[in-house]
Amino acid sequence: MIVIPAIDIKDGKVVRLMQGRFNDVTQYSDDPVKIAQRWEGDGAQWLHVVDLDGAQTGEPKNIDMIKQIIKAVRIPVQVGGGIRNIQTVSELVEANVARIVLGTRVIQDQRFRENILTISAEAEKIAVSLDCSNGLVAQRGWTEVSNIKAVDFAKELEQLGLKCLIYTDIARDGMLSGPNIAGLKEILDVVNMHVIASGGISGINDLQKLLDLKDKNLIGVITGKAIYEGKLDLKEAIQLCAKE
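For our numbering, count along the sequence shown from 1 and bump the result up by 13.
Next comes the structure, spelled out in structure tokens:
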């Protein structure tokens, strides 16, 4: 399991939202590229970049900044937020995005879901963000909760060929309240693809709880607020996960 720092971009700045609420923003830096280089310097093996403006509006708003980040670091970058058509996916692939994180469109549009995961040339680079509230799937930048059960949707995505799922409990995100281990385990128990956990990491003890699951498919954990507020030392976190 690797530790993946999150870089959430809004209006060209690095921020974190509280439980995905766009009116509850904390700014940490006005230089996303410098932050990316900082996390790389601390030993990060991947970066998780989110275009929050894109997630809110439905179309990417920070692609130029994302391209700058990719050029500035030597580690792979996964990108999400507002990616809702194949043209944007192709543009990001051309920009050397290593993994493209889809959400709302995959949930809402069955034909798009089937095309992007089964016949598109970019299928191998696709991850789906399964953002959950009380076991149900959320969408549109977390502003709407559907009636789709997360475990059922995860199984459908795997049957379509998805190789990587990002599981987020939105009630925990930005709260430093610990990950939803039970919800994560429900997903891990029904799929055999790679899963990345996200949301609620508050410190080193939370990483140990994830490691204690000893699940080979849990390949990573995304952390944001904890590393920005000094609750989690990224170097220490990376060392812990490297030992296991």
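Even for Gly, the Cβ is constructed at its ideal location relative to N, Cα and C.
Since the structure is predicted, the reported quantities are computational estimates derived from the model, not experimental observations.
### Query
Is DSSP giving Glu-257 helix, strand or coil here?
Residue state, collapsed to three classes: coil.
### Task
Give the range of the alpha helix (DSSP H) segment to which Ile-217 is assigned.
Per DSSP, Ile-217 belongs to the alpha helix (DSSP H) from 217 to 225.
### Message
For a quick check, are the C-beta atoms of Arg-87 and Thr-117 less than 8 Å apart?
### Response
For Arg-87 and Thr-117, no; Cβs fall outside 8 Å.
### Task
Please confirm whether Gln-100 and Trp-59 have their CB atoms less than 8 Å apart.
Gln-100 is not a Cβ neighbour of Trp-59, given a cutoff of 8 Å.
#### Entry: Where the alpha helix (DSSP H) through Val-46 begins and ends
Here the alpha helix (DSSP H) through Val-46 covers 45 to 54.
### Query
By how many angstroms is the C-alpha of Ser-190 removed from the C-alpha of Val-119?
Looking at the two C-alpha atoms, the distance is approximately 28 Å.
### Task
Tell whether a beta-carbon distance below 8 Å holds between Ile-209 and Ala-239.
No, these two residues do not count as a Cβ contact at 8 Å.
### Query
Hey, is Phe-35's beta-carbon within less than 8 Å of any beta-carbon in chain B?
Among the protein chains of the structure shown there is no chain B, as only one such chain exists.
### Task
Please report the residue range of the alpha helix (DSSP H) in which Gly-67 lies.
Segment 65 to 70, the alpha helix (DSSP H) holding Gly-67.
### Query
Among residues of its own chain, excluding the 5 on either side of Asp-55, which ones have a beta-carbon nearer than 6 Å to its beta-carbon?
Only Leu-247, Lys-248 meet the Cβ criterion.
### C-alpha gap between Thr-236 and Lys-26, whole angstroms
For Thr-236 and Lys-26, the distance between alpha carbons rounds to 17 Å.
### Query
Would Gly-233 be called buried (16 or more neighbouring beta carbons within 10 Å of its own) or exposed?
Buried.
### Query
What are the boundary residues of the alpha helix (DSSP H) that Gln-172 is part of?
That run of the alpha helix (DSSP H) goes 163 to 172.
### Query
Quick one: what's got a C-beta closer than 6 Å to Thr-181's C-beta in the same chain, skipping five residues either side?
Within the same chain, Thr-181 has close Cβ partners Asp-144, Ser-211, Gly-212.
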